[in-house]
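Number of protein chains: 2
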Amino acid sequence: MRIYVSDAKKEKGKSVLISGWVHEVRDIGKMKFVIVRDQSGTMQVTLKKGVVPDAVFDSVSVNREDVVSFEGEVKENKIAPDGVELVPISFQLLGKVERKLPVDPSGVVPSELDTRLDHRYVDLRNPRVLNIFKAKSVLANSFREKLLELGFTEIHPPSITGAATEGGTDVFPIAYFENKAYLVQSPQLYKQLAVIGGLDRVFMTTPVFRAEKHNTTTHLNEVVQMDIEMGFADHQIAMDYLEIVVLHMLHKLGALAPAQVIRRHTYSSLVEELNRHGFKMEWGEDFSKEAEKRISEILGEDLYFIYDWPTKARAFYSMPSEKDPEICHAFDLIYKGLEIASGAQRIHKVDLLEKQLQSRGLDPHKFEFYLNAFRMGAPPHAGWSIGLERITMKATNQDNIRECVLFPRDRVRLSP
Amino acid sequence: MRIYVSDAKKEKGKSVLISGWVHEVRDIGKMKFVIVRDQSGTMQVTLKKGVVPDAVFDSVSVNREDVVSFEGEVKENKIAPDGVELVPISFQLLGKVERKLPVDPSGVVPSELDTRLDHRYVDLRNPRVLNIFKAKSVLANSFREKLLELGFTEIHPPSITGAATEGGTDVFPIAYFENKAYLVQSPQLYKQLAVIGGLDRVFMTTPVFRAEKHNTTTHLNEVVQMDIEMGFADHQIAMDYLEIVVLHMLHKLGALAPAQVIRRHTYSSLVEELNRHGFKMEWGEDFSKEAEKRISEILGEDLYFIYDWPTKARAFYSMPSEKDPEICHAFDLIYKGLEIASGAQRIHKVDLLEKQLQSRGLDPHKFEFYLNAFRMGAPPHAGWSIGLERITMKATNQDNIRECVLFPRDRVRLSP
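Protein sequences appear in the order of chains A and B.
By my numbering, the letter at position 389 of the first sequence is numbered 393, and the numbering carries on one by one without gaps.
By my numbering, the letter at position 63 of the second sequence is numbered 67, and the numbering carries on one by one without gaps.
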């Protein structure tokens, strides 16, 4: 049975079968060296004329990135990388490179991002690229691991909807048989319905679709959201859970910022702080990229919450503070200067929801379905969402979100 | 802090806070009984005039499905359900039912499936319904748990594609800015590209979209697939992994069929067996529903594989047998008479892929992108896919796949 090269290296004196891609090859007449790479690392295969069977020696004529299998003994060799080599007794050529490689998988010859994305099946062979996706897998699964431990149930919201509930502009329309439908912008409605249905601690990892036309290094038109929603909770409890989950995720990745506690700053205190440091910003505005950068410098914190936002700056369903309705129970989580998560306590009272809709010039009749759900016994609840690509981007120190998606979808990119 | 009623019942003599929905209420003058339900179960709250504070006694005027919170002491009471009750010192009405409930959450008054689906946020309060979604969550997460343990990496394929690779008929078209795009029918291409890229053991849970017009109890137009793809593997290894994963999933759910081993039958042997039992079927046909039912009876097995299918009956990328190219290395997994998973070893040689395309009257030029990937060093590989809704349906003994989707999408259903 084939084993990974990282495991093979531990089997000194034993016979193993390794398979992978030809990372490097050197042929110096009576000696051939083939460096085999799989997702666990690389290993040297040494073929010496007279030592390995002639049939094996003669048949090994390979080029970089051919797919090969070698069976043989793992031997100590002080001058080989890691001090071990494989001396083969059999060889198989499993896949041949038949075209010039469009991207150098070693990364020595740099390629444009677009060329790399067009040929992810070669680009991914670069260990630097591979590691981003291993990190992404760890982040997605440690998110779920912690929530299952906390008693949450996974749900699977739909991606297709008949009504564009969160405004009709930034949605993708679908021809759905005889009907018109849209791609879902957020699982917000569905997770709230689950909580109203008594499944009061739910999580999900789900693609969401935004037809936003801007083309930045932090936005894509299809991304994966990691969401929760919980009944009988306010924004402070929701932040407690977000803190526990995000620290667990970064800890699992070994990418934890020094702070084991995530400090919570009110929106107002940060606006004040900025102005005190000579950075002019009006209360009520959203933070610009420059403002976010400046705050992170002033605070000197890698991870922090901003909470108690101006009500008008947040979604209509965010719960206003009882003491001061100009402020609502919404929050963002900032990681290395980028918003990677946001959430809020939600309004669960119909009269307040209607009021909030009206205050934004929205017609409550168009939200009748949504409002009706709150008339059937709705508990107080809160929730949040983490952007999987964004947290991966910051945790692996990438400067473009496209680096963290195998097959990104932006305004122009629809393939592969 | 609020705790679930299942936990509260264990806290005899202690003070707890419980929150949930009013499952039942009885008011007999000087005594009031409120049965509180949360997702963990139900608990009796007993209010006796003179025992609980007057303010609490007087304020408790609730109806079924109102959302409430009670704080008080857990006391033994032999005649209460489970022998315990809560004697409250405080009460809060958190959410009021303001409309007649469209569905009886106790399930005593039956509702049509359509009515229930229109009001999932009430239907889900029925413990029978709730348990289906708890089971689905266990199945999805035990799938991932086992694959992570086996060294697989999770990937996230896109849902939008510029080209309808698997034929253009059963896809949903999207207006994607200035371009035409489609919803993805299967992550097949993407998982193969990941393996060719050296990420040679991948899994994913991803929505897929099929614009099929039939309306059955086992099909939907949006479902969740649980997929894997692995390099350096054939169909037998892929079946080994599917067996390990499915047994783990059903074991975690406590829904394991008696067999701890899943037997593997060739397609040909089952056709022969059917004919031997007087059920006429031609070699080369797919099994009809009746044939599947009959086979399951003949075999007397809850879970079994059918492998070595006629090449023409399977996707063009299924690897034909070297000995007999009329047969290919594809397989299905049948559970309680329903196909819940299918897979195959894939063709990784370009010349063979081209031949298979041509033999089906498909133009290899239209598959140039796909073929090109196999020219850059492609290993032998195999993979499979489990339908999350289908395995949930059979594991929880439902007769309609819609029972296993919170918000199903079929030909006509686009909301909520």
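Positions of the beta carbon are idealized from the N, C-alpha and C atoms, including for glycine.
Per DSSP, which residues does residue i bridge with? Please list them.
| i | result |
| --- | --- |
| L90 (chain B) | B:V49 and B:V78 |
| I232 (chain B) | B:F207 and B:W388 |
| G347 (chain A) | A:F335 and A:W388 |
| I22 (chain A) | A:F74 |
| V212 (chain B) | B:V227 |
| L97 (chain A) | A:V72 |
| M380 (chain B) | A:V101 |
| D31 (chain A) | A:K36 |
What residue range does the alpha helix (DSSP H) around residue i cover?
| i | result |
| --- | --- |
| K256 (chain A) | H239 to L257 |
| Q189 (chain B) | Run containing Q189 (chain B): none; DSSP gives neither H nor E here. |
| Q362 (chain B) | V354 to S363 |
| K150 (chain A) | P131 to E153 |
| R124 (chain B) | R124 to D127 |
| R83 (chain A) | The question names Arg, but residue 83 (chain A) in the sequence shown is Ile. Where I83 (chain A) is concerned, there is no enclosing alpha helix (DSSP H), given that its DSSP letter is neither H nor E. |
| R298 (chain B) | K293 to L303 |
| D58 (chain B) | D58 to S63 |
| A12 (chain B) | V9 to A12 |
Residue i lies in the beta strand (DSSP E); which residues open and close that run?
| i | result |
| --- | --- |
| K36 (chain A) | M35 to D42 |
| D312 (chain A) | L307 to P314 |
| T270 (chain B) | R267 to T270 |
| P177 (chain B) | P177 to Y180 |
Let me confirm a value: residue i is counted as buried when at least 16 other C-beta atoms fall within 10 Å, else exposed. Which label applies?
| i | result |
| --- | --- |
| W313 (chain B) | buried |
| A198 (chain A) | buried |
| K18 (chain B) | exposed |
| E89 (chain B) | buried |
| T315 (chain A) | buried |
| M323 (chain B) | buried |
| L128 (chain A) | buried |
| I32 (chain A) | exposed |
| A59 (chain A) | exposed |
| D224 (chain A) | The amino acid occupying residue 224 (chain A) in the given sequence is Leu; Asp does not appear at that position. Looking at its Cβ environment, which holds 16 or more other Cβ atoms inside 10 Å, L224 (chain A) is buried. |
| S292 (chain B) | exposed |
| S288 (chain B) | The sequence shown places Gly at residue 288 (chain B), not Ser. Per the 10 Å Cβ criterion, exposed. |
| R103 (chain B) | exposed |
| R30 (chain A) | exposed |
Measuring CA to CA, which of the options is closest to residue i?
| i | options | result |
| --- | --- | --- |
| S273 (chain A) | A:I310, A:G341 and A:I200 | A:I310 |
| L410 (chain A) | B:F37, B:G201 and B:D174 | B:G201 |
| I93 (chain B) | B:D118, B:K52, B:V113 and B:E69 | B:K52 |
| V112 (chain B) | B:N130, B:Q96 and B:T119 | B:N130 |
| E363 (chain A) | A:L392, A:Y321 and A:V265 | It should be pointed out that residue 363 (chain A) corresponds to Ser in this sequence rather than to Glu. For S363 (chain A), the nearest C-alpha among the options comes from A:Y321. |
| K398 (chain B) | B:M253, B:A167 and B:Y194 | B:M253 |
| L21 (chain B) | B:V9, B:R30, B:S292 and B:Q402 | B:V9 |
| F213 (chain B) | A:L187, A:D231 and A:A237 | A:L187 |
| C408 (chain A) | A:A242, A:K140 and A:N376 | A:K140 |
| R267 (chain A) | A:K104, A:S65 and A:D336 | A:D336 |
| P106 (chain B) | A:A377, A:I405, A:T396 and A:P383 | A:A377 |
| T220 (chain A) | A:D414, A:E15 and A:R6 | A:D414 |
| L152 (chain B) | A:A84, A:S419, A:N145 and A:K327 | A:N145 |
| K36 (chain B) | B:V26, B:Q43, B:S300 and B:H333 | B:V26 |
| R205 (chain B) | A:P109, A:D238, A:Q48 and A:Q43 | A:Q43 |
| E294 (chain A) | A:P109, A:D118 and A:G341 | A:G341 |
| E77 (chain B) | B:L97, B:N67 and B:A12 | B:A12 |
| L392 (chain B) | B:I39, B:I136 and B:P57 | B:I136 |
| G99 (chain B) | A:I159, A:K353, A:Q229 and A:L260 | A:K353 |
| H160 (chain A) | A:Q189, A:S110, A:K195 and A:K138 | A:K195 |
| F176 (chain B) | A:V175, A:I164, A:T173 and A:G347 | A:I164 |
Cβ-based contacts, 7 Å cut-off: residues of the region 5 to 17 of chain A near chain B: Flagged, chain order: R6.
Return the residues of the region 146 to 173 of chain A that lie within a Cβ-Cβ distance of less than 7 Å from chain B, sorted by chain order. Within the region 146 to 173 of chain A, the qualifying residues are R148, L152, T157, E158, I159, H160, P161, P162, S163, I164, T165, G166 and A167.
Which residues, in chain order, does the region 115 to 145 of chain A contribute to contact with chain B at a C-beta distance below 8 Å? With the criterion set as a beta carbon lying under 8 Å from some beta carbon of chain B, the members of the region 115 to 145 of chain A are H123, R124, Y125, V126, D127, L128, R129, L134, F137, K138, K140, S141, A144 and N145, in sequence order.
Within 7 Å of chain B by C-beta, residues of the region 46 to 80 of chain A in sequence order: Cβ contacts with chain B come from E69, D70 and V71.
Taking Cβ-Cβ distances below 9 Å as the criterion, which residues of the region 347 to 370 of chain B are in contact with chain A? Among the residues of the region 347 to 370 of chain B, those with a Cβ less than 9 Å away from any Cβ of chain A are H352, K353 and V354, in the order of the chain.
Taking a cut of 7 Å between CB atoms, which residues from the region 230 to 252 of chain B lie near chain A? Correct list: F236.
According to a CB-to-CB cut-off of less than 9 Å, which residues of the region 375 to 387 of chain B neighbour chain A? For the region 375 to 387 of chain B, the residues whose beta carbon sits under 9 Å from a beta carbon of chain A are, in order, N376, A377, F378, R379, M380, G381, A382, P383 and P384.
Name the residues in the region 82 to 114 of chain B whose C-beta lies less than 7 Å from a C-beta of chain A; which are they? For the region 82 to 114 of chain B, residues whose beta-carbon sits nearer than 7 Å to a beta-carbon of chain A comprise L98, G99, V101, E102, R103 and L105.
Can you list, in chain order, the residues of the region 400 to 414 of chain B whose Cβ is nearer than 7 Å to any Cβ on chain A? Answer in chain order: L410, F411 and R413.
Interface positions of the region 198 to 212 of chain A facing chain B (Cβ-Cβ less than 7 Å), listed along the chain: Listed by position, the residues of the region 198 to 212 of chain A near chain B (Cβ gap below 7 Å) are A198, I200, G201, G202, L203, D204 and P211.
Chain A contacts from the region 30 to 45 of chain B (Cβ-Cβ distance under 8 Å): Result list: R41, D42 and Q43.
If contact means a Cβ-Cβ distance below 8 Å, which residues of the region 175 to 195 of chain B contact chain A? Correct list: F176, P177, I178, A179, Y180, F181, N183, A185, L187, L193 and Y194.
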